[in-house]
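Taken in sequence, the protein lines are chains H and A.
Going by my numbering, the first sequence opens with residue 1, and the numbers climb by one from there.
Going by my numbering, the second sequence opens with residue 1001, and the numbers climb by one from there.
Virtual Cβ for every residue (Gly too), placed ideally from N, Cα, C.
Worksheet for the structure shown next.
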Amino acid sequence: MTEVTNEQAYEVRLRVNGVAYDVTVPARRLLSDALRHDLGLTGTHVGCEHGVCGACTVLVDGRPMRSCLMLAVSAGDYEITTVEGLTNADGSLSPVQQAFKECHGLQCGFCTPGFLTTITAGIAENPDPTREEAREMVSGNLCRCTGYQNIVEAVCVAAKLARGAEVAP
Amino acid sequence: MTTDVTAQPTVKLVGTEVRRVEDDRLVRGQGQYADDVLRGALEMAVLRSPHAHARILDIDVSGVLDVAGVHAVYTYDDLTGAMAEPLPLLIPHAALTHGRTQYALAKDEVNHVGEAIAVVVADNRYLAEDAVARISVDYEFLTPVVGIPAARAAEHQVHADVPGNVAARLEQNVGDAEAAIATAPHRLALDLDIERSASMPMEGRGVVARWDTDARRLQVWTSTQTSTGVRAAVAAKLGLDLVQVDVITPDVGGGFGVKIMHPWPEELLVPMAARALGQPVRFTEDRREHFISSAHERAQQHHVEVGFDDEGRLLGLSVEFWHDNGAYTPYGLIVPIITSTQLLGPYKPQSYKVVFESLYTNTVIVTPYRGAGRPQGVFVMERTMDAIAAYLGLDRTVVRENNFIRPDEFPYDHGLTFQDGRALVYDSGDFPESLRKLKELVDWDGFERVRAEARAEGRKVGIGIGCYVEGTGVGPYEGAHIHVETSGKVKVAVGLTSQGQGHQTAFAQIAADELGVRFEDVEVVAGDTRRMPYGVGTFASRAAVMSGSAVALTARMVRAKALRIAAEALGASADDLEIVDGVIRVVGDPAKSIALGTVAVLSNPLRYAFDEASKAATQFSVGDPGKPPVAEDDEPGLEARDFYSPMRATFANGMHAVIVETDPDTAEIKILKYALVHDCGTIINPMIVTGQIHGGVAQGVGGALYERMAYDENGQLLNASFMDFLMPYATEVPESIEMDHLETPSPLNPLGIKGVGEAGLIPTSAAVASAIEDAEGFPITAMPISPSELFALRLAHASKGTTDEDRR
Ligand code: FES
Ligand code: FES
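Okay, structure coming up:
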């Protein structure tokens, strides 16, 4: 049997949370794995690796994307935001993070990063969602712990906090 | 161990909605789950059987080590010593006459799709999977046994040496149920089925291990519900002394029962490889692996015979059921034993017979999933109640009420043996009051109006009810260790683990109250055997009861010691002291005070000062020269360790009501209203309790309407992905859950706590079935139920022209 050699690797510059990282990865490396294992940004979680649970959701140029469905080599052109990049510049919690804490929107916390990124994009697009719209906003993410009641509530509270933050100086 | 329930301090934080201390870290993405620790560890991938039942003739691993980046490959032949023996049968039982467990890596045969055959360790998971693909196995196919009917028919056997596929048969009797049924004024017989489902936490299993060659120590991080259990198993299997093994529970991304099972093959193989290779090794399962190689639950078929009087009172109840335990029985008979005992719920049949068979099938093993046999038992009992009500033409709540154990009958002894080997004795509860509250909450008596209004609009609605009693907080024990630092900070360690229940918050509330310190000064660590080597695990809604009680008892010991030392220092009597915000002071004379941290300094007589504060404890500063610095019955340090070990479980209870609408054309089932009343004794943190119930109800709705493991006759799991196994999203759960509480404190523990972790889903299938039956007018006897199944039932009943008159 012949020796199986290392597969070809590619250099890619990933821009994550405002920081540029140069990584060398094989073509098949998932963005989720690159974030977690190459960059050490383990806040992005992997719950299914087939695009259904939403735990791995990151923002790609501000839009929620499932990082388990993207290859790292194809992510070089974009600004990526992970849960680690959601906090305000001074390190305080963002409105969505604050709302999750306040509303008990998380239990084990495994699904949480995907919800936080999804909602961050969601309320940027719809700053004043109704409860129904709030439910719709998170309807592509699975959570096995909370039963979603407090997550839907947290969307509304986050939107309110974000609106408040905008009027503040 | 003491259970002095008299010394109640002024309660401050217990009972209030303290925000969770866990959350700041978790919302920042700074959680540390098993796959997040020891970055750069080698990774393991597993070759799993693609066949449900086969003999292994040959395994060829040549060529695997040629893959660049591969470090090792192991099959059964590479296992030595205890590793080569079958995995432990964790909970033996005399009735489990034919218990069987698997090997860490399959030896000679495989008994379900997904069973581990070989493992590869490589630089990363991608390479490990490449290498696994190069292993070739020769199989001789055997006929798989799939499903309870096939297991009972026993035309084929799962294990050649287990006749009839029967692992166990267990019977319990109270009185002579058969005679009572035979002579009862009315009789009914029912067949009731529940299908397979699973815990399905968002984080699957994960384990990482590091062998420290210099210290000769093994450190294991594993996503488990029992770090102490894993530690004992790893030490035994790898031939290490217990003191050489640390098991650290990282953040755990949900458990719901499946992670109480241990040791998983990977939980042993990862440490084994780490030690052999001298490098950290990790295994993180993917979702498909979780479906086919962790554990499932729920599948049971039941036959009920019941005799009752004109008021619907149960004179005799006889239940026979068949439990699908999958390919092996590592967790013993816990699930069917729970069904057979908890089936009784809040009721008191005059006689009861229950017998079950636990059957092998060529499918994934069965171990407890949140609810653990109770959803099935409650489904059986509640369907029976509804059938009796329909037969007698009585309101369903009236039949239940006529069978309730009354509040003045506690403690109530059922005369049965519960899952902990102890007598099934209910400690407290008020079922009539719970029912009254529930009926009010859901407006039970006003429902006929709602039905009429809906009917006028061409809509079909129905209301259903499900009642349960849940034994929580089973033994044998849990403990706590509390240490007050010289800074005044309080460090609490508990032996059991945490999977999102907010233990760090709830236990800090208890410790802060008991000690009189600020909540912010308390830090709780759970499931780290370095900090608390004795513990059992997080299951059976036992954490708050067991560890909560242990924290309270330990804090009381620390408090007593602090007061004793402070009394000496202040020249006061300990009885005149109080602790407020971490300062001990004389009641009525707050000027005479001493900080708890200073007491911690004084508690440890020193020869050497290490900072300003510690000078106070050195040998020329303190101590009576006529006495030894540490008294004979004392020990240095302001710390204590105590354990809580109750005589038996404490029984929580609750009742759920649900209103559903069924589409007259498509048979779609929609939940219009969900209401529940529950009683979990003293509530530590209402916010956390409510969250537990929300999550439980969502899982219950999943179990009632969506989730089932779809095995084909070859034993292939057809829906082993989130695409095909339907778990509820936000759009599938009730829009709101109306809740009312009753607090009947348990007399069995110092705080009066009962467990709540499983409460939300136990009666959900029963209540939803009851509501659908009410909407449709024909019996619902199997859950979960999909729109197409409901549609088929409609057709069947329309063609037979039957209604529930049938049962009369
Ligand atoms: S991990 Fe990407 S969607 Fe589940
Ligand atoms: S908080 Fe555990 S899965 Fe959502």
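For PHE1256 of chain A, the number of other beta carbons within 10 angstroms of its own is at least 16, and it is reported as buried. At a threshold of 7 Å, PHE100 of chain H does not count as near ligand 2, since its beta carbon sits no closer than that to any of the ligand's heavy atoms. Sequence-distant partners of ASP1528 of chain A (beyond 5 residues in either direction) whose C-beta falls short of 6 Å from its own C-beta, in its chain, are ILE1248. With 16 or more other Cβ atoms from the protein chains shown falling within 10 Å of its own Cβ, VAL1113 of chain A counts as buried. Counting other Cβ atoms within 10 Å of its Cβ, ALA1798 of chain A stays below 16 and is therefore classed as exposed.
Looking at the DSSP output, GLN1172 of chain A shares a beta bridge with A:VAL1354.
Relative to ARG1019 of chain A, the option among A:ALA1151, A:ALA1506 and A:PHE1620 whose CA is nearest is A:ALA1506. Of the other Cβ atoms in all chains shown, 16 or more fall within 10 Å of the Cβ of TYR1391 of chain A; this residue is therefore buried. Nearest in C-alpha terms to GLU7 of chain H, of all of H:LEU14, H:THR24 and H:ARG13, is H:THR24. When Cβ-Cβ separations below 8 Å define contact, ALA55 of chain H makes contact with chain A. An exposed status is given to GLN1619 of chain A, since fewer than 16 other beta-carbon atoms sit within 10 Å of its beta-carbon.
Nearest Cα to LEU1277 of chain A within the set A:GLU1453, A:ALA1041, A:THR1226 and A:HIS1290: A:ALA1041. In the DSSP secondary-structure assignment, GLY1326 of chain A is bridged to A:TYR1360. Within chain H, the C-beta atoms nearer than 7 Å to that of GLY1695 of chain A come from GLN107, CYS145, THR146 and GLY147, in chain order.
Neighbourhood of ARG15 of chain H in chain A, by CB distance below 9 Å: empty, with the nearest CB roughly 17 Å away. For TRP1221 of chain A, the CB contacts under 6 Å within the same chain, skipping 5 residues up- and downstream, are ALA1034, VAL1037, VAL1208, ILE1248 and PRO1250 in chain order. By the Cβ-count criterion, MET1381 of chain A is buried, with 16 or more other Cβ atoms from all chains shown falling within 10 Å of its own Cβ. For the options A:HIS1290, A:GLY1175, A:ALA1273 and A:PHE1283, the alpha carbon positioned closest to that of LEU1416 of chain A is the one of A:GLY1175.
Judged by DSSP secondary structure, SER1593 of chain A falls outside any alpha helix (DSSP H) and instead within the beta strand (DSSP E) spanning 1589-1595. Contact with chain A is absent for ASN126 of chain H, since none of that chain's Cβ atoms lies less than 8 Å from the residue's Cβ.
With contact defined as three or more Cβ pairs closer than 8 Å, the stretch 1229-1236 of chain A and the stretch 1543-1556 of chain A are not in contact.
Of the heavy atoms belonging to ligand 2, at least one sits nearer than 7 Å to the Cβ of ARG144 of chain H. Per DSSP, VAL1558 of chain A lies in no beta strand (DSSP E) segment; the continuous alpha helix (DSSP H) that holds it begins and ends at 1543-1570. Contact annotation for GLU1203 of chain A against chain H: HIS45, GLY47, CYS108 and PHE110 [CB-CB distance below 8 Å, chain order]. Closer than 8 Å to the CB of TYR1729 of chain A there is at least one CB belonging to chain H. Listed along chain H, no residue sits closer than 7 Å to ARG1708 of chain A by beta-carbon distance, the nearest being about 16 Å off.
CA-to-CA, the gap between LEU1317 of chain A and ILE1579 of chain A works out to about 56 Å. Distances from the CA of ALA158 of chain H to each of H:GLY122, H:ALA99 and H:THR44 were compared; the closest alpha carbon is that of H:ALA99.
The beta carbon of ARG1459 of chain A sits closer than 7 Å to those of GLU1661, all from its chain and outside the five residues before and after it, given in chain order. According to the DSSP assignment, ALA1540 of chain A belongs to no beta strand (DSSP E), since it is labelled neither H nor E. As computed with DSSP, LYS1491 of chain A is found in a beta bridge with A:HIS1483 and A:GLU1523.
Contact residues of ligand 1 (beta-carbon closer than 6 Å to any heavy atom; chain order) are H:VAL46, H:GLY47, H:CYS48, H:GLU49, H:GLY51, H:VAL52, H:CYS53, H:GLY54, H:ALA55, H:CYS56, H:ARG66 and H:CYS68. Using a Cβ-Cβ cut-off of 8 Å, MET1739 of chain A does not count as an interface residue toward chain H, since no Cβ of chain H sits closer than that to its own. Separation of MET1532 of chain A and PRO1476 of chain A (C-alpha to C-alpha, rounded to the nearest whole angstrom) is 16 Å. In this structure, ASP1214 of chain A keeps its C-beta atom at 8 Å or more from the C-beta atom of ARG1530 of chain A. At least one CB atom of chain H sits nearer than 8 Å to the CB of VAL1733 of chain A.
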